[in-house]
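In my numbering, the protein residues as written are 1102 to 1419.
Right under this line is the structure:
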């Protein structure tokens, strides 16, 4: 029993918060590209925040309940509808939780903003656990069945303004710190440059198109450790490494996105324009502490409301 994949959309994978502790063996962390939206989908159902979710990219697909299921959606606002066994459709909005009866289908289309939407089920998707995580880079295929426990949930929607907008604001730069190969030219200015997300971007990394970046020639060197958020230069253009990146890299590592802004990177879509702002290490650490504190408090509140009653219309800090 569970959810049948009728159509997987453009790219659908099962993700949790990642496979931690195996990078020294060359195993990427992986996990949801937008942790905040994945956690929000789980919070709407009262799940532990590390339960596995389905990550849907740009176009959602169609899914049929093989048993009564309690589901939730959060992240990029994909067009959504529930199709009954009589083929009638009723439009749905997200972020929200909702029941899906046996035989009903969840139909998800495209999204005007953002890139990734997360589909959670009460209790989490019961796909295989490998090295402590259910995250997988294998894309779902038509006919796949996502195992899940049967359940039900009342309809819960977040009030307008409660959920963070899953889009990049060009007026709000993505913050980064210097990498080991940061340019030392005094006239180098990240804020004076803008970059467009190229079409060959995925969970492994975003290829950014913009003004060519010339770095001093360097002798050939051994590969160095890299992590999600690393900004490298290859052929004069930037590559911003995503959550599925490898653990080693040989391209010059000029900067690193602060952890507080990685979720925003996960919602970048081809054609989006990115701007950057350099910050110091102390500021980056402070931003991360603030983000963690605000998110933890907000999700605790949402989890309690999802468990104990309908969601309030009161606004909470993001």
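Backbone N, C-alpha and C define an ideal beta-carbon position, used for all residues, glycine too.
To the nearest angstrom, report how far apart residue i and residue j are at their CA atoms.
i	j	result
residue 1228	residue 1341	29 Å
residue 1129	residue 1171	31 Å
residue 1200	residue 1388	37 Å
residue 1102	residue 1226	11 Å
residue 1167	residue 1327	42 Å
residue 1219	residue 1371	19 Å
residue 1135	residue 1234	16 Å
residue 1415	residue 1160	Residue confidence for residue 1415 is low, a pLDDT of 37 falling below 50, so the modelled location carries little weight and cannot support an answer.
residue 1430	residue 1394	No information on residue 1430 is available, as it lies outside the stretch 1102 to 1419 that the chain covers here.
residue 1163	residue 1332	35 Å
residue 1158	residue 1209	11 Å
residue 1356	residue 1329	11 Å
residue 1412	residue 1139	Only weak support is given to the placement of residue 1412: the predicted model assigns it a pLDDT of 48, under 50, and the question is left unresolved by the model.
residue 1419	residue 1322	Only weak support is given to the placement of residue 1419: the predicted model assigns it a pLDDT of 30, under 50, and the question is left unresolved by the model.
residue 1243	residue 1360	35 Å
residue 1203	residue 1212	26 Å
residue 1150	residue 1133	12 Å
residue 1191	residue 1284	54 Å
residue 1115	residue 1154	6 Å
residue 1401	residue 1146	12 Å
residue 1143	residue 1197	10 Å
residue 1105	residue 1165	5 Å
residue 1222	residue 1214	24 Å
residue 1346	residue 1236	14 Å
residue 1047	residue 1385	No statement about residue 1047 is possible, as the shown extent of the chain runs from 1102 to 1419 and does not include it.
residue 1352	residue 1343	15 Å
residue 1374	residue 1296	6 Å
In terms of residues, what are the limits of the beta strand (DSSP E) holding residue i?
i	result
residue 1373	Careful: residue 1373 lies outside any beta strand (DSSP E) and carries neither H nor E.
residue 1172	1170 to 1176
residue 1281	No beta strand (DSSP E) contains residue 1281, which DSSP labels as neither H nor E.
residue 1339	1338 to 1342
residue 1162	1160 to 1166
residue 1208	1206 to 1211
residue 1183	1181 to 1184
residue 1214	Segment: none, residue 1214 is in no beta strand (DSSP E) and carries neither H nor E.
residue 1247	1246 to 1248
residue 1328	From DSSP, residue 1328 is part of no beta strand (DSSP E); its letter is neither H nor E.
Which residues mark the beginning and the end of the alpha helix (DSSP H) in which residue i is found?
i	result
residue 1366	1363 to 1367
residue 1127	Taken as a continuous stretch (DSSP letters only), residue 1127 belongs to no alpha helix (DSSP H), as it is neither H nor E.
residue 1356	That residue, residue 1356, is in no alpha helix (DSSP H); its beta strand (DSSP E) goes 1354 to 1358.
residue 1137	1136 to 1144
Secondary structure at residue i, three-state DSSP: helix, strand or coil?
i	result
residue 1105	strand
residue 1384	helix
residue 1193	strand
residue 1398	helix
residue 1295	strand
residue 1419	Reliability fails at residue 1419, whose pLDDT of 30 lies under 50, so the model's placement of it is uncertain and the value that follows must be treated cautiously. In the structure shown, residue 1419 sits in coil (DSSP, three-state: anything other than H, G, I, E or B).
residue 1115	strand
residue 1303	strand
residue 1390	helix
residue 1231	strand
residue 1121	coil
residue 1308	strand
residue 1203	coil
residue 1350	strand
residue 1222	strand
residue 1157	strand
Within 10 angstroms of the Cβ of residue i, are there 16 or more other Cβ atoms? Answer buried if so, exposed if not.
i	result
residue 1291	buried
residue 1319	exposed
residue 1109	buried
residue 1194	exposed
residue 1463	Residue 1463 lies beyond the range of the chain shown here (1102 to 1419); nothing can be said about it.
residue 1301	exposed
residue 1349	exposed
residue 1230	exposed
residue 1286	exposed
residue 1293	exposed
residue 1281	exposed
residue 1253	exposed
residue 1232	exposed
residue 1188	exposed
residue 1111	exposed
Check whether the stretch 1308 to 1321 touches the stretch 1242 to 1254, counting contact only when three or more Cβ pairs, one atom from each stretch, lie closer than 8 Å. no
So, does the stretch 1180 to 1188 touch the stretch 1116 to 1133, judging by three or more C-beta pairs under 8 Å? no
I'd like to know if the stretch 1301 to 1312 and the stretch 1336 to 1354 are in contact, where contact means that at least 3 CB-CB pairs between them fall below 8 Å. yes
Three or more C-beta pairs closer than 8 Å, one from the stretch 1274 to 1290 and one from the stretch 1377 to 1386: is that the case here? yes
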